[in-house]
Amino acid sequence: MGKLQYQCMMSLDGFIAGPGGDMSWMADYLGPDPAVDEVMRRTGALLVGRRTFGGDDPHKGTEQEGEPYGGGWDGPQFVLTHSPPDAAVPGVTFVGDLESGVAAARAAAGDRDVGVLGAQVAAQCIAAGLLDEVFVSVAPVMLGDGVRLFDDPDAAAVKLERLGVVESPAATHLIFRVVH
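Here the UniProt record's numbering is used: position 153 in the sequence shown is 153, and no number is missing along the way.
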């Protein structure tokens, strides 16, 4: 079985989205990247938060808009929501709770990893003791405000073990194992 891995990009000052969920800032830091390509190759399914699924897109206005990783990844997606849309979305299953979402994503991924997208879903996975790793790409920009990587003042401390640091032209990638 693969890992449950939170995958995200963050500004140096700790934001994964700008004010109002704006993700357009990421466009300057996306593109060919061997480290991200490897993460996508190992990812067999996505577990996505509803706000992330329906939110702003760094590829807005391009052919890649609405595609996971700008079209660089293809596979089953499981979106956590209590309010699924009326119309079906190809390749997307809407699930109502974390446990069934994780179980379905793991089954779909097989021996590959499940990529977790969305800060709230990642925080829920941590709180439930389910998250195995964090892969965060740190972009050389400071946004000053927005959605933080993790923003729960009541959360317990989480111990992480650094597994790697990978430099790329556009970002520095940090890989951590969650110590349970």
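Built from N, CA and C at the ideal position, the CB exists for glycine as well.
| Check | Outcome |
| --- | --- |
| Do A119 and L131 have their C-beta atoms within less than 8 angstroms of each other? | no |
| I'd like the list of long-range same chain contacts for V141, defined as Cβ closer than 8 angstroms, with 5 residues on each side in sequence excluded. | S11, L12, W25, D28 and Y29 |
| What whole-angstrom Cβ distance do V147 and F176 have, given they're in contact under 8 angstroms? | Actually they do not touch by this definition, with Cβ atoms about 20 angstroms apart. |
| Could you give the C-beta distance for T172 and V138, rounded to a whole number, given that I count them as a contact under 8 angstroms? | 5 angstroms |
| How about the stretch 102 to 111 and the stretch 41 to 55: do they share at least three Cβ pairs that are nearer than 8 angstroms? | yes |
| Would you kindly check if the distance between the Cβ of L4 and the Cβ of R50 is under 8 angstroms? | no |
| By how many angstroms is the C-alpha of V48 removed from the C-alpha of D37? | 19 angstroms |
| Under three-state DSSP, which class holds T81? | coil |
| Just curious, the alpha helix (DSSP H) that D37 is in, first and last residue? | P34 to R42 |
| Do residue 189 and L149 have their CB atoms nearer than 8 angstroms? | The question about residue 189 has no answer, for the chain in this structure spans 1 to 180. |
| I need the straight-line Cα distance from D33 to P76, nearest angstrom please. | 22 angstroms |
| Can you have a look at T62 and say buried or exposed, based on whether 16 or more other CB atoms are within 10 angstroms of its CB? | exposed |
| Could you tell me how far apart the beta carbons of C125 and V116 are, in whole angstroms, since I believe they sit closer than 8 angstroms? | 6 angstroms |
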